[in-house]
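**Student:** Take a look at the following structure, please.
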């Protein structure tokens with residue numbers, strides 16, 4: 001019985017470690033998807049002259065999950081929305097757990113949402129460029145740190161399981 005318990009503990013802690021490593025691995029991809037989304041917002045607004053709601057509808061159909069779910073939820077709230085910035089922030093928080101991003105990226109996107117639809121097209125482009133610049137910085141950080149922390153998270157999962165087993169036995 002002790003061995004079955006030990007194997008279960010080791011399996012669970014290893015799984016947790018690999019799950020944490022998976023988040024580090026997915027982070028650069030999710031940042032790239034958000035950068036792509038911002039570029040698409042720019043193209044739709046500047047060149048397509050689309051409204052925010054049309055942009056959200058189009059992005060919900062064109063982008064991969066989990067980002068498409070965010071834009072779909074924003075688009076679905078069109079009739080009940082009185083303040084787009086608060087809807088943007090609320091939807092970000094609602095869907096944030098499905099992303100592998102950290103608080104820095106969330107703050108960048110919340111700040112961007114505050115400006116979305118508040119300015120003329122030229123100013124809006126500047127805000128999009130600024131958000132893209134900040135996401136570029138975060139992408140570089142994610143790439144540098146990601147590989148190191150992936151290995152550490154996997155190792156910590158296995159080693160913490162072994163430590164618990166040793167302490168129990």
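Residue numbers (full-length UniProt numbering): 1 to 169.
Where a beta carbon is used, it is the ideal one built from N, C-alpha and C, also for glycine.
(1) Go to residue 124, then tell me how far its alpha helix (DSSP H) extends in each direction, as first and last residue.
(2) With distances taken Cα to Cα, identify the nearest neighbour of residue 52 among 26, 81, 148.
(3) Going by other Cβ atoms of all chains shown within 10 Å of its Cβ, with 16 needed for buried, is residue 155 buried or exposed?
(4) Threshold first: 4 residues or longer. Then list the alpha helix (DSSP H) segments lying entirely within the segment 10 to 38, N to C.
(5) What do you get for residue 4, buried or exposed, if any count of 16 or more other CB atoms within 10 angstroms of its CB means buried?
(6) Considering only their Cβ atoms, is the gap separating residue 37 from residue 67 smaller than 8 Å?
(7) Can you check which of these residues, 26, 162, 107, 164, is closest to residue 177 by C-alpha distance?
(8) Tell me which residues share the same chain as residue 85 and place their Cβ nearer than 6 Å to its Cβ, disregarding the 5 neighbours each side in the sequence.
(9) Quick one, which of 146, 167, 130, 104 has its alpha-carbon nearest residue 23's?
**Tutor:** Taking the coordinates as given:
(1) 121 to 168
(2) 81
(3) exposed
(4) none
(5) The residue is exposed, with fewer than 16 neighbouring Cβ atoms inside 10 Å.
(6) Result yes, Cβ atoms of residue 67 and residue 37 sit closer than 8 Å.
(7) Beyond the ends of the chain as shown, which are 1 and 169, falls residue 177; an answer cannot be given.
(8) 113, 114
(9) 146
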